[in-house]
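Everything on this sheet refers to the single structure shown next.
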Amino acid sequence: MQECPYQLLCIPDVDECRTLPDACRGDMHCVNQNGGYLCLPRSLYNQPYRPDTPALPNPVYQDPSAGFPDTFLPAVPGGGGGRGGVEPSYPRVRSTAQCILGYTLAEDGTCNDIDECETNSHHCNPTQVCINTSGGYTCSCTEGYWLIGGQCQDIDECRYGYCQQLCANAPGSYSCSCNPGFILNPDSRTCQDVDECEDEPCSHGCFNTYGSFMCNCDEGFELAADGTTCIDLDECSFSEFLCQHRCVNTPGSFSCICPPGYYVFEDGRSCEDFNECDTGNNTCTTAQVCFNFQGGYTCLDPLQCRPPYVEVSDNQCMCSAENPACRDKAFTILYRHMDLSSGRSVPADIFQMQATTRYPGAFYIFQIKSGNDGREFYMRQTSNVSATLVLSRPIKGPKQVVLDLEMVTVNNVINFRGSSIIRLTIFVSEHPF
Ligand SMILES: [Ca+2]
Ligand SMILES: [Ca+2]
Ligand SMILES: [Ca+2]
Ligand SMILES: [Ca+2]
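As numbered in the UniProt record's numbering, residues 1 to 433 make up the sequence shown, in order.
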């Protein structure tokens with residue numbers, strides 16, 4: 001029954017031409033129809049049946065059941081009765097109503113839908129697609145197109161924000177893509193951030209960011225121009241004062257080194273003299289005295305006083321006044337040693353000298369008797385009985401300077417004039433520390 005749009009036509013047909021006696025009167029010929037029968041003039045019966053040909057007289061439609069709703073029955077021209085068929089012997093002429101528009105009458109009398117798309121009897125635009133429907137058809141656009149002015153035109157999906165980031169329109173379609181740093185989600189429209197750090201692109205630390213990532217470097221390194229590589233910082237190039245002596249760059253750091261005779265102090269930068277005498281790390285014999293100085297040490301031989309001097313202690317020689325050979329010589333020679341940094345800033349008080357024995361009425365004169373050829377030193381008297389040795393010009397080491405510092409004692413009361421000497425050996429270091 002579903003195939004039948006008209007209920008009237010779908011009940012089992014009865015062949016009224018056989019079952020009814022005198023179904024058609026007079027010269028009329030009975031033609032059975034689905035749901036009724038036709039009475040046609042016999043003279044026309046042999047012609048092909050063409051219900052919509054106006055030249056033919058209207059066939060007579062006979063409704064045998066008389067129980068159908070009026071609405072399904074064609075109007076009877078001039079007739080007053082609503083129901084037909086009560087008198088089969090009185091056929092009435094009715095309008096053609098075999099099938100409604102869109103259906104065609106099949107040989108078995110049923111109305112079948114016309115497939116306008118199949119039979120190419122549609123009026124769809126060439127850009128459109130014909131879709132057959134029951135009793136008709138529709139013209140439609142394929143996906144990705146819409147109807148504008150009767151034409152199927154491509155939908156510019158990009159204009160309507162179909163893609164979250166990048167969009168490329170295409171006829172009947174579109175495609176989304178993502179900015180660098182994003183990947184297209186399975187929905188093919190939205191994008192999500194790529195966690196670049198998973199691929200470990202950085203030499204050191206990596207931070208994922210929305211749409212990108214950032215690298216950072218451990219201490220002592222800096223990020224190269226490529227943004228991912230960490231390169232060592234050359235700390236030594238920052239400042240020449242980073243190390244007291246020499247800076248050695250290392251990966252991620254730097255270190256200071258000191259010349260032989262020094263060690264690197266706790267601060268890691270300054271050089272400290274290695275005291276070879278205290279640590280026993282020297283080659284002095286037991287007879288010698290180890291003297292430490294900046295950057296080295298020396299072994300002092302035991303004091304040997306040259307005659308007429310005689311040894312009075314391990315660092316002092318004396319020439320006795322009773323000895324005639326000592327008449328014009330200094331009464332005592334005291335041996336002293338000191339160290340001095342190369343290039344030490346000047347002026348600098350570096351040594352004190354003082355009379356140990358004071359005679360009443362005596363006065364003292366302090367002077368550099370020998371060794372001051374470069375005029376780097378002078379004596380400055382600081383009191384009646386004392387003086388200071390002043391360094392007035394910088395001395396560059398390594399160097400040993402031996403100065404004879406003389407103290408002249410003058411006593412006019414007893415007409416005495418004598419002198420004593422300090423033989424000062426100065427070890428000037430090679431380095432300014
Ligand atoms: Ca498109
Ligand atoms: Ca990222
Ligand atoms: Ca470094
Ligand atoms: Ca030393």
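All residues carry an ideal CB built from backbone N, CA and C; glycine is no exception.
None of these values were measured; they are calculated from a predicted model.
Check, Outcome
"Neighbour-count burial assignment, residue 434, 16 or more Cβ in a 10 Å radius", "An answer regarding residue 434 cannot be provided, because it is not within the stretch 1 to 433 covered by the chain."
"Nearest to Val410 (by Cα), restricted to the options Asn384, Val402 and Val401", "Asn384"
"Nearest-angstrom Cα separation, counted from Thr388 out to Asp349", "6 Å"
"Between the CA atoms of Gly136 and Asp108 - distance to the nearest angstrom", "21 Å"
"Option nearest Gln352 by Cα separation, candidates Gly361, Phe427, Glu198 and Val390", "Val390"
"Cβ separation of residue 436 and Gly205, assumed to be a contact under 8 Å, to the nearest whole Å", "The structure shown does not extend to residue 436, since the chain is modelled only from 1 through 433, so no value can be given for it."
"Enclosing alpha helix (DSSP H) for Cys277 [first to last residue]", "Glu276 to Thr279"
"Distance, Gln400 Cα to Asp339 Cα", "9 Å"
"Near ligand 3: Ser237 beta-carbon under 6 Å from a heavy atom", "no"
"DSSP three-state assignment for Glu266, whether helix, strand or coil", "coil"
"Bridge partner(s) assigned by DSSP for His337", "Thr425"
"Cβ pair Asn179, Gln165 closer than 7 Å", "yes"
"Exposure of Glu196, with buried meaning 16 or more beta-carbon neighbours within 10 Å", "buried"
"Arg380 - DSSP class collapsed to helix/strand/coil", "strand"
"Per DSSP, cross-strand counterpart(s) of Tyr103", "Asp113"
"Exposure of Asp273, with buried meaning 16 or more beta-carbon neighbours within 10 Å", "buried"
"Closer than 7 Å: residues whose CB approaches a heavy atom of ligand 3", "Gly220, Asp232, Leu233, Asp234, Glu235, Asn249, Thr250, Pro251, Gly252, Ser253 and Phe254"
"CA-to-CA distance, Gln294 to His245, given in whole angstroms", "14 Å"
"Element boundaries [beta strand (DSSP E), containing Lys369]", "Phe363 to Ser370"
"Own chain residues within Cβ distance below 8 Å of Val248, not counting five before or after", "Cys236, Phe254, Ser255, Cys256 and Ile257"
"Pairwise C-alpha distance: Arg423 and Asp404", "5 Å"
"With 16 other Cβ atoms within 10 Å as the buried cut-off, status of Val428", "buried"
"Assigned exposure category for Glu376 - 16 Cβ within 10 Å defines buried", "buried"
"DSSP state of Asp199 mapped onto helix, strand, coil", "helix"
"Residue environment, Phe433, which counts as buried when at least 16 other CB atoms sit within 10 Å", "buried"
"Residue from Pro308, Pro302, Glu222 and Gln153 with nearest C-alpha to Arg336", "Pro302"
"Ser420 and Ala330 closer than 7 Å at C-beta", "yes"
"Under the three-state DSSP convention, the category Tyr145 falls into", "strand"
"For Gly418, the residue or residues it bridges with in DSSP", "Thr409"
"Distance between Ala355 and Ser386 (C-alpha atoms, nearest Å)", "6 Å"
"Exposure label - Glu240; buried when at least 16 CB within 10 Å", "exposed"
"Neighbourhood of Ala188 by C-beta, 7 Å cutoff - its chain only, sequence neighbours within 5 removed", "As written in the sequence, residue 188 is Ser, which differs from the Ala given in the question. Once the five neighbours on either side are set aside, the close Cβ partners of Ser188 are Cys176."
"Closer than 7 Å to ligand 2: residues, by C-beta to nearest heavy atom, in chain order", "Gly181, Asp193, Val194, Asp195, Glu196, Asn208, Thr209, Tyr210, Gly211, Ser212 and Phe213"
"One or two residues paired with Thr298 in a DSSP bridge", "Phe291"
"Reduced DSSP category for Thr133 - H, G, I as helix; E, B as strand; rest coil", "strand"
"Beta strand (DSSP E) segment containing Gly172, residue limits", "Gly172 -> no beta strand (DSSP E), and no H or E assigned at all."
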